[in-house]
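Chemist:
Residue numbers (my numbering): 720 to 831.
Encoded structure:
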């Protein structure tokens, strides 16, 4: 397996079926898959209940899952740019995120 082009990193998006958040979870998955292409080995959608919307990353087989977003703890849903940055920092630190990086740099400088 070529590390530059493929990975064993796994993202799980657990979403509430009662709340009908499948489409939101699928959209987040699509955004991650489009950005990271083969740098993620899998993005899994996991049905849940009770208002759950949680995004976790397992950067390598046997590694502990890293919680990237939990709706109940954070309130609301994740913004895509910071979520992409968190995934990038864990699995592909050399990957430029283009517009996402420019927006984050402007936010840090206080100039939007």
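C-beta: ideal position from N, C-alpha, C; glycine also.
If you're wondering where the values come from, they're calculated on a predicted model, not measured in any experiment.
(1) Based on Cα-Cα distance, which residue from 726, 815, 744 lies nearest to residue 771?
(2) Would you kindly check if the distance between the Cβ of residue 775 and the Cβ of residue 784 is under 7 Å?
(3) Please determine, among 782, 733, 750, the residue with the shortest C-alpha to C-alpha distance to residue 727.
(4) Quick check: the Cα distance between residue 817 and residue 768, rounded to an integer number of angstroms?
(5) Between the beta-carbon of residue 730 and the beta-carbon of residue 764, is there less than 7 Å?
(6) Taking residue 809 as part of the alpha helix (DSSP H), name the residues at either end of that continuous run.
(7) Please name the residue in 814, 812, 802 whose C-alpha comes closest to that of residue 747.
Modeler: According to the structure data:
(1) 744
(2) yes
(3) 782
(4) 35 Å
(5) no
(6) 799-810
(7) 802
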